[in-house]
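Have a look at the structure below before the remarks.
Residue numbers (my numbering), protein chains in the order written: chain L, 10 to 126; chain W, 128 to 294.
Here is the structure:
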């Protein structure tokens, strides 16, 4: 299933703090490899490796025409991954909010319980 | 307020949901094992009721859950067996999808295995639910089923989401 393979790549790419920091930086605007390498105190080849992973996951793109080959965030792919998680979160949180109320009622009712033994 | 819900993917066949409750463990356990309590909260999105909730809570015992849409009367559910019942610590059950009259392209065959672990610290119970699916496809498909806005809509929206992004 192509969609799930794509989501897998996206999640694998997001499962690294440096790559998430790179995405956060790119969220403020495009940047070259050199500009991205600076704040992370990493070598350009190391950063390039991370960028490859992000690129393959569709999370960023390269402007090959520009001389400095800036990287750009591809927000749609990120949204897609977030939505998938959100879907789970939404359903479970709805259920658990109701469970919170139930537990509160049960605890409030417990001492003066009508079903006395 | 308890800590917010946390959803993670420990592996490509699993989804894990962690949530804390301001209640002792026995109570949270009861809310997961007594049908009369379950039907008050395990309802998913608005507009669904749970007309069938039968559970024989012991290892090897069967259960059957069914939800019904108030809007169009359509139903779907889950069924299976309890694999481990260790009150009030650990509850493991298998989960087969029953498409009912809602339909849906859930892959048939092996069930998902759902493990719920209940831990209490100073009156706060943390519940960790790990869902192990038979395949990645089943895991990714499951999110579009049942308890989203009704199955069909869940699928349609998920499809639309993917469709608008050509790779």
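We treat Cβ as the ideally placed atom computed from N, Cα and C, and that holds for glycine.
Query: What number of angstroms, rounded off, separates the C-alpha of residue 201(W) from the C-alpha of residue 17(L)?; Result: 32 Å
Query: Run the CB neighbour count on residue 178(W), radius 10 Å, all protein chains shown included, and call it buried at 16 or more, exposed below.; Result: exposed
Query: If contact is defined by three or more beta carbon pairs under 8 Å, each pair taking one atom from either stretch, is the region 151-162 of chain W in contact with the region 201-220 of chain W?; Result: yes
Query: Who are the Cβ neighbours of residue 77(W) in its own chain at under 6 Å, not counting the five residues just before and after it?; Result: Given that chain W is displayed from residue 128 to residue 294, the structure contains no residue 77(W) and the question cannot be resolved.
Query: Quick one, which of 172(W), 139(W), 244(W) has its alpha-carbon nearest residue 214(W)'s?; Result: 244(W)
Query: Thinking C-alpha only, which one of 250(W), 207(W), 251(W) is nearest residue 239(W)?; Result: 207(W)
Query: Going by C-alpha distance, which of 136(W), 180(W), 148(W) is nearest residue 248(W)?; Result: 148(W)
Query: Based on the DSSP output, what are the partners of residue 258(W) in its beta bridges?; Result: 142(W), 241(W)
Query: Spatial neighbours of residue 134(W) within its chain, please: CB distance less than 6 Å, with the 5 preceding and 5 following residues excluded, ordered by chain position.; Result: 144
Query: Going along the region 103-118 of chain L in order, which residues come within less than 7 Å of chain W, judged by CB to CB distance?; Result: 103, 104, 105, 107, 108, 109, 111, 112, 115, 116
Query: Please report whether the beta-carbon of residue 19(L) lies at a distance below 8 Å from any beta-carbon of chain W.; Result: no
Query: Pairs of beta-carbons, one from the region 17-32 of chain L and one from the region 88-103 of chain L, closer than 8 Å: are there three or more?; Result: yes
Query: Under 8 Å between beta-carbons, which chain L residues line up against residue 167(W)? List them in chain order, please.; Result: 107, 111
Query: Give a yes or no on whether 8 Å exceeds the smallest Cβ distance from residue 100(L) to chain W.; Result: yes
Query: Can we count residue 200(W) as close to the ligand NAD, meaning its CB is less than 7 Å from some heavy atom?; Result: Questions concerning the ligand NAD fall outside what the structure shown contains, since it holds no ligand whatsoever.
Query: Tell me the rounded alpha-carbon separation between residue 58(L) and residue 250(W).; Result: 47 Å
Query: If we call anything under 8 Å between Cβ atoms a contact, is residue 203(W) one with residue 174(W)?; Result: no
Query: Using CA coordinates, which residue listed in 199(W), 191(W), 197(W), 257(W) is at the minimum distance from residue 165(W)?; Result: 191(W)
Query: Alpha carbon to alpha carbon, how far is residue 182(W) from residue 27(L)?; Result: 47 Å
Query: Establish whether the CB of residue 94(W) and some CB of chain L are separated by less than 8 Å.; Result: The shown model of chain W, from 128 to 294, leaves out residue 94(W), and the question about it has no answer.
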